[in-house]
Amino acid sequence: MIRIPRWLVAILGLLFGLFHAGLGFASLSGVEQYEYPLLAILLYLAAIIASMIFYRGPNLPLTQAILNLAVAAIVPLLVNANLDPQTADAYSTWYVVGIATLMATTAVRQQKLIAWIGAALLVIQVVSWAGLFAGIQAGLIGALLLVFAGHTISVGLKSAYRRTMEFTEAARNSQTQAVANAAASEERRARLDLALRGALPMLREIESQRGKLSNSQKLEARLMEASLRDEIRGRGLMSPEIREAAKQARMRGVEVIILDEGGLDNMTDYSRKEILQKVADSFAQVSEGRITLRAPAQEDWKVTLVATRPGVAKPDIWLKF
Numbered sequence: 139m140i141r142i143p144r145w146l147v148a149i150l151g152l153l154f155g156l157f158h159a160g161l162g163f164a165s166l167s168g169v170e171q172y173e174y175p176l177l178a179i180l181l182y183l184a185a186i187i188a189s190m191i192f193y194r195g196p197n198l199p200l201t202q203a204i205l206n207l208a209v210a211a212i213v214p215l216l217v218n219a220n221l222d223p224q225t226a227d228a229y230s231t232w233y234v235v236g237i238a239t240l241m242a243t244t245a246v247r248q249q250k251l252i253a254w255i256g257a258a259l260l261v262i263q264v265v266s267w268a269g270l271f272a273g274i275q276a277g278l279i280g281a282l283l284l285v286f287a288g289h290t291i292s293v294g295l296k297s298a299y300r301r302t303m304e305f306t307e308a309a310r311n312s313q314t315q316a317v318a319n320a321a322a323s324e325e326r327r328a329r330l331d332l333a334l335r336g337a338l339p340m341l342r343e344i345e346s347q348r349g350k351l352s353n354s355q356k357l358e359a360r361l362m363e364a365s366l367r368d369e370i371r372g373r374g375l376m377s378p379e380i381r382e383a384a385k386q387a388r389m390r391g392v393e394v395i396i397l398d399e400g401g402l403d404n405m406t407d408y409s410r411k412e413i414l415q416k417v418a419d420s421f422a423q424v425s426e427g428r429i430t431l432r433a434p435a436q437e438d439w440k441v442t443l444v445a446t447r448p449g450v451a452k453p454d455i456w457l458k459f
């Protein structure tokens, strides 16, 4: 897609606006009292230059838009004061398309209502001064089409700006999610590495004894295997308190399943620690059966804890945080 620099568009628009001021200066030689027409040209120049150059961003400040409206109301009065509609030419009526250019600029910069009010004031004054037919000859049709074009461009720019902001926000969210995923992956890798380093002595013991372990060693190996599984599947649910509570529960013969499905991803560290502390305290209440600890995604709750026993339909513990 070809991108046109904003400064280039502003300069081209300003040159178009200055062309009408040039016509106005050229018409001064044909009037006896040039003070009012000269003042009108200067007011127009101040408004068009300010509207084209002075403000960053797509929106024209309301104060400047109101000043443009005042210029649209005053300039025709100043020019027409010493101008005969019977002898007026394209030079002396420069302000018709000039004010239309100013109003089109006002519309493009998201002040469409004020632009149309200014266009209406222009039409009323020209028709009142010279009549409808002469007003059309002076360029009223072209002036209205120019303001309409500015209005259309304004709508397109606003839509394009909105889509650009949406795309930028989506890209920012995607980048943030990618960073978060990378951080989470690195955190899981670090936790797993830590768990594996802790398991190395037991693995060496199993290797040295060729798998012939005592009952206590077998229990330790099962606990080690369960802790490795917790680190892989538990993710954000794994805290020092949960690790110790799960280990103690397994030593009591309780089956423990820990599964993080993403429910804790958007929680603050403080809230997560507070919930996990309550969960760890609840482990001590279970002496048999199974404990299932989950962090479900896209649910109204962040963490669920269910303690069940074989042959018992109702859970002993069913907590939702």
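Each residue of the sequence shown is one higher than the one before, counting from 139 in our numbering.
Virtual Cβ for every residue (Gly too), placed ideally from N, Cα, C.
Within the same chain, Cβ atoms closer than 8 Å to the Cβ of Y193 are found at P199, Q202, R247, the five residues on either side in sequence being excluded. In the three-state DSSP reduction, A445 falls in the strand class (E or B). According to DSSP, T430 shares a beta bridge with I395, V444. It is roughly 16 Å from the alpha-carbon of L207 to the alpha-carbon of V217. Closest by C-alpha distance to K416, out of V441, S425, G427, is V441. Ranked by Cα distance from L361, the first of Q386, I455, S377 is Q386. Under the 10 Å beta carbon count, L215 is surrounded by fewer than 16 other beta carbons and is classified as exposed. Beta-carbon to beta-carbon, L414 and E379 are separated by about 6 Å, close enough to satisfy the 8 Å threshold. Contact between D454 and G427 holds: their C-beta atoms lie close to 7 Å from each other, under 8 Å. In the DSSP assignment, K452 falls outside any beta strand (DSSP E) and carries neither an H nor an E. For N206, the enclosing alpha helix (DSSP H) has its first and last residue at 200–218. Nearest in C-alpha terms to T430, of all of F163, A164, S230, E399, is E399.
Contact between L397 and G374 does not hold, since their C-beta atoms are separated by about 11 Å, which reaches or exceeds 8 Å. Between K250 and S292 a beta carbon distance of about 6 Å is seen, short of the 8 Å cut, so the two are scored as contacting. If you ignore the 5 residues before and after H158, its C-beta comes within less than 7 Å of the C-beta of W232, V235, G236, T239, all in its own chain and listed in chain order. Distance from A451 to V424 at the Cβ level is roughly 17 Å; contact not present, criterion being Cβ atoms closer than 8 Å.
Ranking P223, Y229, A211 by CA distance to the CA of A164 puts Y229 first. The continuous alpha helix (DSSP H) containing E412 extends over residues 407–421. Counting C-beta atoms within 10 angstroms of its own C-beta, M389 has fewer than 16 neighbours from the protein chains shown and is therefore classed as exposed. For Y233, the enclosing alpha helix (DSSP H) stretches over residues 232–246. Contact between G288 and A253 holds: CB atoms are separated by about 6 Å, below the 8 Å threshold.
Within the same chain, and ignoring the five residues on either side of A219 in sequence, the residues whose Cβ sits closer than 7 Å to its Cβ are Y174. For Q263, the enclosing alpha helix (DSSP H) covers residues 250–268. Spanning the alpha carbons of I179 and L161 requires a straight line of approximately 10 Å.
The C-beta distance from A435 to A383 rounds to 23 Å, too long to meet the 8 Å contact threshold. Looking at the DSSP output, K458 shares a beta bridge with T442.
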